[in-house]
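To start, the structure itself, in structure tokens.
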Amino acid sequence: MSAFAAVLRKDLRLELRGGNSTIALLAMSMLVLVVLVFALDAARLRSFDTAAGALWVAMIFSGVVGATRALSAERENGAIHGLLLSPLEAPSLYAAKTAAAFIFMAVAEAGAVVMMVLFFNLEFDASLVRLIPVLMLGALGFSALATLLSAATGHTRAGDMLLPILAVPMFVPALIAGVKASTAALAGAPLASMGEWLRIMVAFDVLFITAGYLLFEHVVGDD
Amino acid sequence: MNTAIRNWLGLVTLVLMVAALFMIFAYVPTEADQGIVQRIFYFHVPCAWVAFASFGLVAVAGMLYLWLGDQIWDDLGYASAESGMVFCTLTLVTGSLWARPIWGVWWSGDSRLTTTFILWLMYGGYLMLRASADDTPRVARFGAVVGIVAALDVPLVIVSVRLWRTIHPAVIVTRQGGHGLQDPSMIVTLLVSMAAMTALWAWLLMLRFAQLRTRTRLDTLAMQLAFAHAATGDR
Numbered sequence: 017m018s019a020f021a022a023v024l025r026k027d028l029r030l031e032l033r034g035g036n037s038t039i040a041l042l043a044m045s046m047l048v049l050v051v052l053v054f055a056l057d058a059a060r061l062r063s064f065d066t067a068a069g070a071l072w073v074a075m076i077f078s079g080v081v082g083a084t085r086a087l088s089a090e091r092e093n094g095a096i097h098g099l100l101l102s103p104l105e106a107p108s109l110y111a112a113k114t115a116a117a118f119i120f121m122a123v124a125e126a127g128a129v130v131m132m133v134l135f136f137n138l139e140f141d142a143s144l145v146r147l148i149p150v151l152m153l154g155a156l157g158f159s160a161l162a163t164l165l166s167a168a169t170g171h172t173r174a175g176d177m178l179l180p181i182l183a184v185p186m187f188v189p190a191l192i193a194g195v196k197a198s199t200a201a202l203a204g205a206p207l208a209s210m211g212e213w214l215r216i217m218v219a220f221d222v223l224f225i226t227a228g229y230l231l232f233e234h235v236v237g238d239d
Numbered sequence: 009m010n011t012a013i014r015n016w017l018g019l020v021t022l023v024l025m026v027a028a029l030f031m032i033f034a035y036v037p038t039e040a041d042q043g044i045v046q047r048i049f050y051f052h053v054p055c056a057w058v059a060f061a062s063f064g065l066v067a068v069a070g071m072l073y074l075w076l077g078d079q080i081w082d083d084l085g086y087a088s089a090e091s092g093m094v095f096c097t098l099t100l101v102t103g104s105l106w107a108r109p110i111w112g113v114w115w116s117g118d119s120r121l122t123t124t125f126i127l128w129l130m131y132g133g134y135l136m137l138r139a140s141a142d143d144t145p146r147v148a149r150f151g152a153v154v155g156i157v158a159a160l161d162v163p164l165v166i167v168s169v170r171l172w173r174t175i176h177p178a179v180i181v182t183r184q185g186g187h188g189l190q191d192p193s194m195i196v197t198l199l200v201s202m203a204a205m206t207a208l209w210a211w212l213l214m215l216r217f218a219q220l221r222t223r224t225r226l227d228t229l230a231m232q233l234a235f236a237h238a239a240t241g242d243r
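Below, the structure is given as structure tokens:
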């Protein structure tokens with residue numbers, strides 16, 4: 017647990033001292049939203065499902081950027097060797113990296129929600145509160161999946177190009193459930209009415225956190 | 009010994025395939041509603057079955073590799089992913105060819121199509137990962153992990169895509185031919201095509217697997233040779 021806290025604290029401190037991950041994620045989210053607003057002429061539509069869809073596209077793009085940065089920072093100057101040599105279990109490292117990616121994504125999400133409300137002419141009201149659990153579950157699932165996969169893809173010649181190619185198809189269940197639940201949340205439906213979508217997202221998160229926890233040591237080792 | 013089994017399997021595949029082709033095009037009656045197009049069903053369903061079996065084998069081989077660490081399991085997983093990809097592509101192509109005259113579209117958002125396509129994308133990613141790295145033990149571990157994670161994801165993909173479609177009902181409600189095989193000869197034909205396609209898959213898998221085994225052996229020999237040269241001092 018202390019190892020987990022130490023790595024997480026290190027990553028957060030790096031970020032606060034100018035790591036720029038969160039800024040990159042925010043910028044990516046904003047760009048995607050702007051592109052979709054122009055492409056769909058969405059401001060006039062004022063439709064909840066377009067807004068929810070745009071939000072999740074922004075989330076995926078920013079999540080890919082975030083996950084590639086999370087481990088590439090460790091590869092610079094071989095910092096990963098230091099981490100692996102330290103008395104630190106691979107699962108703790110995985111948990112810390114996932115937690116850091118999740119925090120960066122959550123911050124970027126918060127910014128993206130504000131921009132979505134502005135760009136898509138929605139209201140700042142209680143429906144945004146109901147969006148929080150949906151987005152958090154989505155960000156957690158994507159962080160868990162992308163952290164595991166980026167440890168593998170970062171070592172390849174194609175490099176970070178491969179991460180979205182592997183991660184996005186696998187993220188589809190959470191994406192479908194997330195967009196549906198977000199649309200319902202924006203339309204003002206109570207949380208109980210999106211039960212089955214939330215259950216899929218919880219199942220996705222549990223599955224990939226467990227898989228990452230058990231399998232991370234097989235991808236992060238350097239031999 | 010291995011080669012002999014493989015050659016026999018090749019012969020069995022040939023016989024079964026000829027029998028299946030004869031049954032599909034000459035023996036089985038034409039389906040009443042869909043007409044001649046329905047015959048593609050006898051290719052489509054066996055391809056889908058073989059693709060799913062293949063991807064399942066990738067995950068099993070991946071687990072065995074991570075557990076036992078023997079290169080043989082990785083070679084099996086890789087060969088299985090490649091052959092699965094071939095049959096998954098064939099499933100999508102035959103399905104699309106069938107859908108055009110029956111549904112009027114090449115592609116619809118039907119749950120089974122979407123699920124198969126997502127599988128195709130996942131294992132396409134797996135093969136790209138394999139192709140973009142050549143450091144064998146490491147890429148073998150990556151492949152094993154991705155193969156396992158992808159297989160774990162499949163049930164969730166199926167559930168979510170099905171749920172997604174029931175909320176947004178499909179525009180075309182026609183079900184696939186599997187429910188309406190009235191004539192017993194249709195069932196026999198399907199079973200023979202299944203057997204033929206499975207034999208073809210097993211044969212292709214064995215060929216590719218043998219090739220990968222040879223590659224592994226050559227790599228080992230090359231490494232031993234390099235060590236021997238280094239030890240004796242001549243270069």
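Protein sequences, first through last, are from chains A and B.
Whatever position you read off the first sequence (first residue = 1), add 16 for my numbering.
Whatever position you read off the second sequence (first residue = 1), add 8 for my numbering.
The C-beta atom is built at its ideal place from N, Cα and C for all residues, glycine as well.
Rounded to whole angstroms, the separation of the alpha carbons of A59 of chain B and V154 of chain B is 17 Å. Inclusion of G82 of chain A and A117 of chain A in the CB contact set at 7 Å is warranted, their separation being smaller than that value. By the C-beta density criterion, D78 of chain B is exposed, having fewer than 16 other C-beta atoms within 10 angstroms. Here the alpha carbons of S198 of chain A and L151 of chain A stand approximately 8 Å from one another. By the Cβ test, the segment 191-204 of chain B is in contact with the segment 23-31 of chain B, since at least three Cβ pairs between them sit closer than 8 Å.
Of the candidates B:T124, B:N15 and B:A159, the residue whose Cα lies closest to the Cα of S104 of chain B is B:T124. Burial check for G34 of chain A: the Cβ neighbour count within 10 Å stays below 16, so the residue is exposed. The C-beta of P145 of chain B has fewer than 16 other C-beta atoms within 10 Å across all chains shown, which makes the residue exposed. Residue environment: G133 of chain B is assigned as buried (16 or more neighbouring CB atoms within 10 Å of its CB, all protein chains considered). Residues of chain B with a Cβ closer than 9 Å to the Cβ of M131 of chain A do not exist, since the nearest Cβ in that chain sits about 26 Å away. Contact annotation: the segment 219-235 of chain A touches the segment 103-115 of chain A, with at least three C-beta pairs closer than 8 Å. Beta bridge pairing from DSSP links G211 of chain A with no other residue. When secondary structure is reduced to three states using DSSP, G82 of chain A falls in the helix class. Collapsing the DSSP output to three states places E90 of chain B in a helix. Looking from the CA of P192 of chain B, the closest CA among B:V26, B:L19 and B:E39 belongs to B:E39. In the three-state DSSP reduction, G34 of chain A falls in the coil class, being neither helix nor strand.
If you draw a straight line from the Cα of L191 of chain A to the Cα of I216 of chain A, it comes to about 10 Å. The DSSP-derived three-state label of E39 of chain B is strand. In the three-state DSSP reduction, E139 of chain A falls in the coil class, being neither helix nor strand. Here L104 of chain A carries a coil assignment [DSSP, helix/strand/coil]. No residue range can be given for T172 of chain A, since it is assigned to no alpha helix (DSSP H) and is classified by DSSP as neither H nor E.
Per DSSP, the continuous alpha helix (DSSP H) segment holding F235 of chain B begins and ends at P192 to T240. With at least 16 other beta carbons inside 10 angstroms of its own, P189 of chain A counts as buried. With 16 or more other Cβ atoms from the protein chains shown falling within 10 Å of its own Cβ, R138 of chain B counts as buried.
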